[in-house]
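Take this note's numbering: the final residue in the sequence shown is number 416, and no numbers are missing along the way.
Yeah, the Cβ is synthetic: ideal placement off N, Cα and C, and Gly gets one too.
This report concerns only the one structure given below.
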Amino acid sequence: MNVVALILAGGQGTRLGAITEYLAKPAVPYGGKYRIIDFALSNCVNSGIYNVGVLTQYRPHILNKHLGIGKPWDLDIKSGGLTILPPYVSAKDQSWYQGTADAIYQNIEYIDTYDPDFVVILSGDHIYKMDYNEMIDFHIERNADVTIACMEVPINEAHRFGIMVTDSFNKVIEFQEKPKEPGGNLASLGIYVYTWSILRKLLIEDSKDINSEHDFGKNIIPKMLENKNNLVAFNYEGYWRDVGTLQSYWESNLELLGPMPLLNLHDKNWKIFTQSEELPPAFISKNARLTGSLVSEGCEIYGEVKNSVIFQGVVIEEGAIVKDSVIMNNTIIRKGVYIEKAIICENSEIGENVKIGIGEFKENEYNSKVYNTDITLVGFNTRVPANINLGKNVIIGNYITNISEDIPSGGYVI
């Protein structure tokens with residue numbers, strides 16, 4: 003049985019606001035020392051899939067540097083391994099991928115070199131652990147043309163997903179792409195197993211359809227239903243998160259905490275591999291106070307940290323208090339700082355006696371669709387000078403060094 007995995011990693015992730023201004027969503031730091039794409043890649047190698055193509059597009063430079071030649075995932079092999087597949091100018095002068103299906107179509111030649119029986123298509127921006135062999139076996143047993151991983155979601159969130167309506171044998175009889183009035187709550191997770199001969203034909207036909215948006219959810223799956231192909235739903239019951247909003251990103255990071263985390267990053271039987279700097283163990287001062295937090299290598303902690311995820315190389319000085327927050331790599335938190343429910347991005351500095359996340363919630367004045375929670379976001383390579391107060395739902399952009407006054411709740415500096 004020959005299998006190729008393709009990871010769609012070109013997403014812009016606009017709902018993450020300033021976090022994805024300069025990097026692709028799959029490259030967003032996560033969980034202390036990882037990046038989001040590490041989960042799909044690690045799932046592949048843990049499942050014994052070593053022919054992996056990563057389709058890149060939006061701001062791929064940091065992502066490409068992180069992937070390298072695939073060494074941390076044992077994908078640096080001569081035959082197969084990791085291949086980065088950016089858009090390129092074709093005979094039709096087309097470069098930018100027109101949709102998820104077009105992205106796969108443009109790489110038919112790459113897939114054909116392996117002559118696979120099955121193609122596993124994945125999103126590079128979800129947090130989960132899955133043995134894809136279980137799904138492939140299910141696909142074979144059911145003689146399916148496509149198998150779609152699904153899980154039940156709250157009905158009030160169903161409008162955010164592609165919804166599958168199935169019969170009692172898990173056969174998909176109807177598909178609704180992000181419906182306003184969903185007919186069920188069985189959501190597609192963006193994980194597919196396709197029989198390659200079937201998909202290849204569909205992609206070629208779709209490429210010739212001038213009315214198509216060349217998207218799996220909008221075009222390929224509805225076409226398969228129309229053609230009476232055999233579509234089946236694979237029910238997945240493990241941890242899975244789409245960390246596409248600031249709220250879901252913050253929640254998923256904090257779900258790693260506690261004695262029984264929802265996602266165990268230290269499972270030796272299903273290791274999550276990553277490309278990260280080799281650093282010494284964290285230094286925790288005898289006067290520091292840590293409660294229910296994750297502290298990564300290379301950190302120096304002298305203050306108080308509660309219910310927070312602290313990435314590599316962070317310094318938290320004496321008298322500083324960090325609560326319910328995500329602090330990314332190489333950030334410095336100076337003396338007397340108070341931070342509550344915030345995301346502080348890489349290489350930033352919070353000056354002495356700064357207070358972040360105080361006051362009452364107010365609607366954000368810059369973009370209330372993206373910034374709509376109590377979370378305050380401080381961007382990459384940004385400096386908040388001493389004695390400044392930042393309220394709740396405040397956005398401070400990337401490379402900001404000119405803050406001169408307090409920013410009340412709902413305010414911004416871009």
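Which partner residues does residue i have in the DSSP bridge list?
i	result
residue 194	123, 150
residue 351	334, 385
residue 291	306
residue 360	393
residue 415	398
residue 244	128
residue 9	56, 124
residue 296	311
residue 285	302
residue 409	392
residue 328	311, 345
residue 36	32
Report the three-state DSSP secondary structure of residue i (helix, strand or coil).
i	result
residue 236	strand
residue 313	coil
residue 259	coil
residue 177	strand
residue 171	coil
residue 107	helix
residue 188	strand
residue 64	helix
residue 112	helix
residue 251	helix
residue 28	helix
residue 206	helix
residue 341	strand
residue 318	strand
residue 157	helix
residue 21	helix
residue 79	coil
residue 200	helix
residue 1	Outside the shown range of the chain (3 to 416) lies residue 1, about which nothing can therefore be said.
residue 403	coil
residue 375	coil
residue 101	coil
residue 15	coil
Taking the beta strand (DSSP E) that residue i falls in, what are its first and last residues?
i	result
residue 166	164 to 168
residue 344	344 to 346
residue 85	83 to 87
residue 378	378 to 380
residue 57	53 to 57
residue 325	323 to 325
So residue i and residue j are in contact, right, with Cβ under 8 Å, and what is the actual spacing, rounded?
i	j	result
residue 55	residue 216	So it is not a contact: roughly 18 Å between Cβ atoms.
residue 328	residue 350	Contact doesn't hold; Cβ gap of about 12 Å is too wide.
residue 177	residue 223	5 Å
residue 188	residue 143	That pair is no contact at about 20 Å.
residue 43	residue 12	With a Cβ gap of about 15 Å, residue 43 and residue 12 do not count as contacting.
residue 174	residue 150	7 Å
residue 335	residue 318	4 Å
residue 53	residue 116	5 Å
residue 129	residue 32	7 Å
residue 265	residue 241	5 Å
residue 37	residue 276	7 Å
residue 302	residue 314	Residue 302 to residue 314, Cβ: 11 Å. No contact.
residue 304	residue 284	About 12 Å; that fails the 8 Å criterion.
residue 219	residue 179	5 Å
residue 397	residue 414	4 Å
residue 411	residue 363	6 Å
Specify, as a first and last residue, the run of the alpha helix (DSSP H) that residue i falls within.
i	result
residue 141	134 to 143
residue 128	Looking at the DSSP string, residue 128 is not in any alpha helix (DSSP H); the run it does join, the beta strand (DSSP E), is 128 to 130.
residue 42	39 to 48
residue 3	Careful: residue 3 lies outside any alpha helix (DSSP H) and carries neither H nor E.
residue 212	No alpha helix (DSSP H) holds residue 212; DSSP gives it neither H nor E.
residue 365	It is not in any alpha helix (DSSP H) - residue 365 carries neither H nor E in the DSSP assignment.
residue 223	223 to 228
Is residue i a contact residue of the ligand NAP, with contact defined as CB to any heavy atom under 6 Å?
i	result
residue 183	Absence of the ligand NAP from the depicted structure is noted, as is the absence of any ligand whatsoever, leaving it without description.
Using 7 Å as the limit for Cβ to Cβ distance, is residue i near chain B?
i	result
residue 308	No chain B appears in the structure shown, which is made up of a single protein chain.
Original post:
Touching or not, the region 69 to 76 and the region 143 to 160, by the rule of three or more beta carbon pairs under 8 Å?
Top reply: Contact annotation: the region 69 to 76 does not touch the region 143 to 160, with fewer than three C-beta pairs closer than 8 Å.
Subject >> Inter-stretch contact at 8 Å, needing at least 3 Cβ pairs: the region 383 to 392 / the region 337 to 357 >> reply: Yes, the region 383 to 392 touches the region 337 to 357.
Original post:
So, do the region 362 to 377 and the region 244 to 253 have three or more beta carbon pairs nearer to each other than 8 Å?
Top reply: Yes, since at least three Cβ pairs between the region 362 to 377 and the region 244 to 253 fall closer than 8 Å, the two stretches touch.
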